[in-house]
Structures are given as C-alpha cells and as structure tokens.
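Going line by line, the protein sequences match chains U and P. Numbering that gives the first Met the number 0 puts the first residue of the first sequence at 0, with every later residue one more than the last. Numbering that gives the first Met the number 0 puts the first residue of the second sequence at 0, with every later residue one more than the last. Note that the Cβ used here is the ideal one computed from N, Cα and C, for glycine as well. Let me begin by presenting the structure, written as structure tokens, before commenting on it.
Number of protein chains: 2
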Amino acid sequence: MGESSRIAGQDSLRADARRNRRRILSAARVVFAEHGIDAPMATVARRAGVGVATLYRRFPTRDALVRAAFAHQMDTCARALTEALADPDPWQGFQRLVETVCELQREERGFPAAFVAAFPDSTREHARLREQAERDFMTLVRRAQAAGALRADFHPSDFAVALLSHCGLVTALPDDRAASRRLVAYLLQSFRAEAAHGALPAPSALPLRSLPLAADGSQGQRPSRA
Amino acid sequence: MGESSRIAGQDSLRADARRNRRRILSAARVVFAEHGIDAPMATVARRAGVGVATLYRRFPTRDALVRAAFAHQMDTCARALTEALADPDPWQGFQRLVETVCELQREERGFPAAFVAAFPDSTREHARLREQAERDFMTLVRRAQAAGALRADFHPSDFAVALLSHCGLVTALPDDRAASRRLVAYLLQSFRAEAAHGALPAPSALPLRSLPLAADGSQGQRPSRA
DNA sequence: TGGCAAGCGGACGAGATCGTCCATTTGACC
DNA sequence: GGTCAAATGGACGATCTCGTCCGCTTGCCA
C-alpha cells in the first residue's frame with residue numbers, strides 16, 4: 000500500500016515470534032467468539048500456549064488484538080464495497096454488499112462485537128481511506144436510486160442502521176442463522192423502490208465513518224521500546 | 000392476582016426499609032442507564048445513599064435488581080400486547096405493539112439491556128402467563144393476516160427478530176432516536192402484505208417466550224433467612 | 001559452533017468487584 | 001418512655017483481571 004514508514008511489520012520477527020503471533024491471533028478469534036470480546040487476555044494467552052507477556056508484547060492493548068484478530072474480516076467488508084461499486088447492476092451490488100457484511104457478522108463469531116467496537120482512527124491515511132469508502136458508498140446509493148431499484152428516500156445512514164441492528168441481532172442470537180437471514184431479507188425488501196409506501200421518519204445523522212468499510216492494515220505491531 | 004402465597008411483599012417492610020427500597024430502584028435505573036446493566040452494585044448503593052448490605056438484603060442478585068428496576072417497563076410491554084389484542088383493527092394493534100415496545104427500548108435507557116437479559120422463569124405461574132402471552136400474540140398475527148394487512152408469510156418469530164435487532168440498534172446508538180424510528184418504520188413497512196415480493200428465507204425457530212411480554216410481578220423480594 | 005539480542009513465561013503488585021459479617025442504630029408497638 | 005426485632009452501613013476477605021518486571025531460553029548469524 001505504499002506505506003513504508005511503518006516500522007517492523009510482522010515480517011521482521013524471529014521465526015518463533017512469528018509463529019506465536021499467529022497462534023495468538025488464532026486463539027483470540029476462538030476465545031473472543033466463545034466468551035465475547037472482553038474475555039481476559041490471560042485466557043487468550045493460555046489458549047495460544049504462550050505467556051501473557053508475549054501477548055502483551057505483540058498486542059499492547061485489547062483493541063490492537065481485536066483489530067488484528069478480525070483484520071481479515073474487516074478487509075472483506077472493505078473489499079465488498081469495492082466489488083459492489085464494480086457491479087454493473089447497482090442494486091445487485093448494493094444487495095450483495097449488505098448480504099456479504101451481514102453474512103460475515105452471522106458466520107464469524109466474535110466479529111459482530113469487533114464490528115461495533117470503536118477503534119480510534121490511528122493514521123491520517125486511514126481516515127482518508129474511510130472518507131473514500133464513504134464517498135464510494137454514496138456513489139453506489141445514487142446509482143441504485145437512479146436505476147429505480149433503491150427507494151428514493153433511502154439515506155446512506157440507513158445502511159448503518161441495517162448493519163448495526165443486524166449486528167445486535169446476531170449478538171443476541173449467535174446461533175440463529177435463520178433469524179439473521181430473515182432480517183436481512185426484510186430489510187433488503189424494504190429498501191427496494193417498490194416497497195416505498197408513505198413517508199419515513201427523518202433519517203439518522205449517523206456518519207458511516209464508524210463502520211469498518213475501509214481496509215486498515217493495522218496489525219497491532221509496534222516498534223519495541225519506544 | 001390471587002397470588003397470596005408470596006411471602007413478605009414490600010408492603011410489610013418497615014417504613015425506612017420501604018423508603019430505601021424505592022431509593023435503590025430509582026438509583027438502579029439511573030446507574031444502569033448510565034453505565035450499563037453491569038455497573039457495580041456498590042455504585043447503585045452509593046447513588047441511593049445506602050450501604051451495600053442494604054442493597055444485597057433487598058435484592059440478593061443483580062438479576063433481581065434489574066428485574067425490579069425495570070418491572071414497570073416490562074409490564075408496559077405486557078400491557079401493550081393486551082391493548083393490541085383489544086384493538087378492533089388488528090394491523091393497527093400490531094403496529095402499535097411494535098411501536099410501543101420499541102419506543103420503550105429507545106427512551107428508557109438501560110431497559111434494552113434488561114430486555115435481552117435472560118431471566119429464569121422463577122414461578123410456574125409466570126411460565127403460564129408467558130404461554131398465554133404467546134398465544135395472544137399468535138391470535139393477533141392471525142387476525143392481522145386474515146384482514147389482509149400483515150403479510151401471509153410473516154412468522155411470529157419475526158416479531159422477536161424485529162425487537163431484538165431494534166434492541167441491538169438502540170444499544171449501539173443510545174442517543175440516536177432517528178435511527179431507531181427509521182428502523183421501526185422500515186420493519187413495519189416490510190411486514191405489510193403489499194410489501195411481499197418474492198419468498199423470504201425460512202423463519203427462525205426462536206420461541207417468543209424469552210421476550211418480556213408477560214407481567215411477572217416479581218419484585219426481587221425474598222423472605223429473610225431461608 | 002559460539003555469542004548475543006530477541007524472545008519467552010511466570011510471578012507479582014495494583015486495583016476493582018463481589019457478597020458477607022457484625023456491631024450499632026432506629027422504627028414500631030406497648 | 002422502654003423494649004426489641006428489623007434494618008443499617010462499612011469493613012473485610014476472596015476472587016479476578018490487568019499489565020509489568022526480570023531471569024531464563026532460543027533462534028539467528030558470523
């Protein structure tokens with residue numbers, strides 16, 4: 000990504016350290032899925048077969064661990080937006096975008112909690128990516144509306160409303176895939192132009208920035224001994 | 000309610016104890032709203048101006064406190080169902096029911112967390128009430144469908160899906176009333192018969208029993224020294 | 001193969017929360 | 001006013017989690 004200023008990526012780690020790092024991430028996904036995102040760090044360490052110190056050295060904060068553990072999922076979300084924009088049928092693209100993100104929330108235990116967790120925008124570069132993602136999404140919405148498929152009174156924040164409410168549902172019912180699919184189907188139907196009957200209440204002012212729709216590339220690494 | 004077997008309701012408390020009990024409940028609502036349902040018990044006690052021992056004597060577990068603190072809201076939910084059933088227009092009743100419960104979730108901070116919290120069905124009487132509530136709701140659904148207002152493929156579990164997803168939304172965005180109203184509007188539109196376009200995925204098998212739609216009357220009281 | 005810096009893990013002190021115990025206070029009733 | 005059980009509140013020990021410190025180990029490179 001042309002970001003050569005980052006110091007000491009995981010490539011420069013010693014072989015055993017790199018192995019442990021992968022173990023930790025794998026363990027974190029399992030533990031976070033099982034006990035929630037607030038599970039004790041020591042549990043993750045034990046599961047990974049490493050000491051707590053090793054865990055803390057690699058991921059100084061819980062946030063860093065969570066980000067790194069679900070980085071792949073976050074990237075999938077970001078990629079889904081790019082793919083949606085590339086779809087010649089904008090409604091198809093929109094629909095696939097919603098379905099992809101929701102499927103990820105549904106299938107990847109622990110990811111929903113990470114999805115709603117507030118991560119500070121660490122880098123200016125990342126903030127830029129988020130703004131770009133927001134613009135991309137607005138373009139997608141405008142196209143789908145112009146095509147007469149997405150209802151005219153759909154507001155970009157409705158996307159956040161859909162994802163956050165779905166997130167809440169799968170958090171409450173982690174095993175109920177039918178419920179999740181059902182909600183997604185209802186929401187997508189209600190977003191279609193022909194579903195518009197009467198006026199909706201005013202849209203939310205919620206910015207989309209908080210959603211993980213931009214690849215962030217942060218891996219929880221940090222130079223040793225600042 | 001013809002339930003004379005319960006021992007020592009709050010009426011038999013000494014005057015100071017009754018006063019403290021009210022203070023605790025009031026403090027609990029404030030603290031739970033502010034810091035979530037997992038706020039330290041000591042915080043509630045301090046806010047109420049009582050010692051922790053007093054709090055624990057009245058409400059031996061956190062669940063008991065939560066139940067009692069939001070008993071009024073739970074009852075409002077239960078009453079909403081009764082009123083919905085009494086409405087001559089079943090769709091109107093259904094719509095009002097959804098809106099009432101969601102408004103409660105939206106406006107009463109801390110209630111959403113209590114809404115999804117799992118409380119054991121302590122009494123057989125209460126289990127009976129829940130089953131009755133479930134039957135009532137199914138009657139409402141059937142009537143609204145027969146009237147041609149509610150879509151034929153609406154499944155009772157979709158009600159739980161709606162409430163739980165809305166609950167998740169207001170938990171994620173406690174201050175964003177517009178988002179909450181927007182979701183409710185979308186969901187209600189998609190439940191209308193004329194919104195049905197194409198088949199929905201299979202409904203969830205989730206029982207409605209877990210939702211607080213039956214008045215439970217439990218007040219967190221218990222006879223001292225079993 | 002030997003040196004050494006990177007890496008490791010367990011112990012540990014700090015801080016938070018839980019739920020109980022008990023000496024003291026206070027309201028209700030005579 | 002006097003009696004006494006109900007009620008009170010703060011102290012306390014137990015438990016849990018955090019994040020760091022430090023002596024030992026090990027992979028890497030010459």
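| message | Give me the DSSP bridge partner(s) of L149/P. | response | The residue you call residue 149/P lines up with position 150 of the second sequence. DSSP output for L149/P lists R191/P as bridge partner(s).
| request: Grab me the residues of E107/U's own chain with a C-beta within less than 6 Å of its C-beta, minus the 5 sequence neighbours each way, in chain order. | output: Your numbering for residue 107/U matches position 108 in the first sequence. Excluding sequence neighbours, E107/U sits near Q72.
| said: Runs of 4 residues minimum, wholly inside the region 61-104 of chain U: which ones carry the alpha helix (DSSP H) assignment? | reply: Under the rule that a run must span 4 or more residues, the alpha helix (DSSP H) segments found entirely inside the region 61-104 of chain U read 61-68, 70-85.
| query | For P111/P, does the count of other Cβ atoms within 10 angstroms reach 16, so buried, or fall short, so exposed? | reply | Walking along the second sequence from the start, residue 111/P turns up at place 112. Around the beta carbon of P111/P, a 10 Å sphere encloses 16 or more other beta carbons of the protein chains shown; the residue is thus reported as buried.
| query | Within 7 Å (strictly less), CB to CB, does I6/U reach chain P? | reply | The residue you call residue 6/U lines up with position 7 of the first sequence. Summary for I6/U: the model assigns pLDDT 42, below 50, so the residue's position carries little reliability; its value from the coordinates is reported in the next sentence. It does not: the Cβ of I6/U has no partner Cβ on chain P nearer than 7 Å.
| task | At 7 Å on the CB atoms, spell out the chain P contacts of Q188/U, in chain order. | result | Locating residue 188/U in the first sequence gives position 189, where the first residue counts as 1. Near Q188/U (Cβ distances below 7 Å), the residues of chain P are S189, A194, H196.
| said: DSSP three-state label for R13/U, please. | reply: For this step, residue 13/U is matched to residue 14 along the first sequence. Three-state DSSP puts R13/U in coil, outside helix and strand.
| message | For the alpha helix (DSSP H) containing F158/U, name the first residue and the last one. | response | Locating residue 158/U in the first sequence gives position 159, where the first residue counts as 1. Start and end: 155-171.
| query | At a Cβ threshold of 7 Å, is S3/U touching chain P? | reply | As a first step, residue 3/U is located in the first sequence; it is residue number 4 there, counting from the start. In this predicted model, S3/U has a pLDDT of only 33, less than 50, meaning its place in the structure is not dependable; the value taken from the coordinates is given anyway. Not one chain P Cβ lies under 7 Å of S3/U.
| query | DSSP three-state call for V43/U: helix, strand or coil? | reply | Position 44 of the first sequence, counted from the start, is the residue given in the question as residue 43/U. The answer is helix: DSSP assigns V43/U an H, G or I state.
| For the region 159-172 of chain P, which residues have a CB atom closer than 9 Å to at least one CB atom of chain U, in sequence order? | Within the region 159-172 of chain P, the residues whose Cβ lies closer than 9 Å to some Cβ of chain U are A159, V160, A161, L163, S164, H165, C166, G167, L168, V169, T170, A171, L172, listed in chain order.
| said: Can you pull the chain U neighbours of R181/P, defined as C-beta to C-beta under 9 Å? | reply: The residue you call residue 181/P lines up with position 182 of the second sequence. In chain order: H154, S156, D157, V160, L199, P200, A201, P202, S203.
| said: If distances are taken between C-alpha atoms only, which option among V43/P, P119/P, T170/P comes closest to Q104/P? | reply: As a first step, residue 104/P must be located in the second sequence, where it is residue number 105. Ranking V43/P, P119/P, T170/P by Cα distance to Q104/P puts T170/P first.
| query | Mapping DSSP to helix, strand and coil, what is D135/U? | reply | Position 136 of the first sequence, counted from the first residue, corresponds to residue 135/U. The three-state reading of DSSP puts D135/U in helix, counting H, G and I together.
| For E102/U, which residues of its own chain have a beta-carbon under 8 Å away from its beta-carbon, when the five flanking residues on both sides are left out? | Looking up residue 102/U in the first sequence gives position 103. Contacts found: none.
| A148/U versus E193/U - alpha carbon distance | Mapped onto the first sequence, residue 148/U falls at position 149. Mapped onto the first sequence, residue 193/U falls at position 194. Near 8 Å, if we compare the C-alpha coordinates of E193/U and A148/U.
| Helix, strand or coil: which one does DSSP assign to P200/U? | Residue numbering aside, residue 200/U sits at position 201 when the first sequence is read from its first letter. When secondary structure is reduced to three states using DSSP, P200/U falls in the coil class, being assigned neither helix nor strand.
| message | Alpha carbons only, please: which of H125/U, A178/U, R20/U, H165/U is nearest the one belonging to R56/U? | response | In the first sequence, the residue the question calls residue 56/U occupies position 57. When C-alpha distances from R56/U are compared across H125/U, A178/U, R20/U, H165/U, the shortest belongs to R20/U.
| query | Is the CB of A143/P under 7 Å away from at least one CB in chain U? | reply | Translated into positions along the second sequence, residue 143/P becomes position 144. Taking CB atoms only, A143/P has no neighbour in chain U less than 7 Å away.
| query | Does DSSP classify R176/P as helix, strand or coil? | reply | Here residue 176/P corresponds to residue number 177 of the second sequence, with the count starting at 1. Note: R176/P maps to helix in three-state DSSP.
| task | Can you grab the Cα-Cα spacing for the pair A16/U / V51/P, in whole Å? | result | In the first sequence, residue 16/U corresponds to position 17, counting from 1. In the second sequence, residue 51/P corresponds to position 52, counting from 1. For A16/U and V51/P, the distance between alpha carbons rounds to 47 Å.
| task | Could you give the DSSP three-state label for P206/U: helix, strand or coil? | result | Locating residue 206/U in the first sequence gives position 207, where the first residue counts as 1. In the three-state reduction of the DSSP assignment, P206/U falls in the coil class.
| task | Determine the direct distance from the alpha carbon of D62/U to that of I229/U, and round the result to whole angstroms. | result | Look at the range of chain U in this structure, 0 to 225, and you will see that residue 229/U is not part of it.
| said: On the DSSP letters alone, give me the boundaries of the alpha helix (DSSP H) that F114/P sits inside. | reply: Residue mapping note: residue 114/P aligns to position 115 of the second sequence, counting from 1. F114/P -> alpha helix (DSSP H) spans 110-115.
| task | Answer yes if the region 162-169 of chain P comes into contact with the region 161-168 of chain U, meaning at least three C-beta pairs across the two stretches below 8 Å, and no otherwise. | result | Taking one beta carbon from each stretch, the region 161-168 of chain U and the region 162-169 of chain P have 3 or more pairs nearer than 8 Å; the two touch.
| request: Say whether the region 137-152 of chain P touches the region 173-192 of chain P, bearing in mind that this needs 3 or more beta-carbon pairs closer than 8 Å, one atom from each stretch. | output: As far as the Cβ criterion goes, the region 137-152 of chain P touches the region 173-192 of chain P, which means the pair count is three or higher.
| request: Starting from the Cα of A204/U, find the closest Cα among A213/U, Q91/U, S156/U and give me that residue. | output: Here residue 204/U corresponds to residue number 205 of the first sequence, with the count starting at 1. Checking every option, the nearest Cα to that of A204/U belongs to S156/U.
| said: Here's the rule: buried if 16 or more other CB atoms are within 10 angstroms of the residue's CB, otherwise exposed. What is D88/P? | reply: As a position in the second sequence, residue 88/P is number 89, starting the count at 1. Per the 10 Å Cβ criterion, exposed.
| query | Just reading off the alpha helix (DSSP H) that T53/P is part of, what are its end residues? | reply | The residue given as residue 53/P occupies position 54 in the second sequence. Looking at the DSSP string, the run of the alpha helix (DSSP H) that includes T53/P is 51-57.
| task | Identify each residue in the region 13-42 of chain U for which the Cβ-Cβ distance to at least one residue of chain P is less than 9 Å, and report them in chain order. | result | Against chain P - using a Cβ distance shorter than 9 Å - the region 13-42 of chain U contributes no residues.
| message | Tell me the rounded alpha-carbon separation between Q218/P and F114/P. | response | Numbered from 1 along the second sequence, position 219 holds the residue referred to as residue 218/P. Numbered from 1 along the second sequence, position 115 holds the residue referred to as residue 114/P. The predicted model places Q218/P with a pLDDT of 46, which falls under 50 and marks its position as unreliable, so this point remains unresolved.
| query | Taking the C-alpha atoms as reference points, what is the distance between Q91/U and A177/U? | reply | Within the first sequence, residue 91/U is the residue found at index 92, counting from 1. Within the first sequence, residue 177/U is the residue found at index 178, counting from 1. When the Cα atoms are used, Q91/U and A177/U turn out to be separated by approximately 22 Å.
| field | Cut-off 8 Å between Cβ atoms - residues of its own chain near R95/U, not counting five sequence neighbours on either side | value | For the purposes of this step, residue 95/U is taken as residue 96 along the first sequence, with counting starting at 1. Close CB contacts of R95/U within its chain, under the 8 Å cut and outside five residues either way in sequence, are with A79, E82, A83, D86 (chain order).
| task | Kindly indicate if chain U contains any beta-carbon less than 7 Å away from that of Y185/P. | result | Against the second sequence, residue 185/P aligns to sequence position 186. Yes, because at least one Cβ of chain U sits closer than 7 Å to the Cβ of Y185/P.
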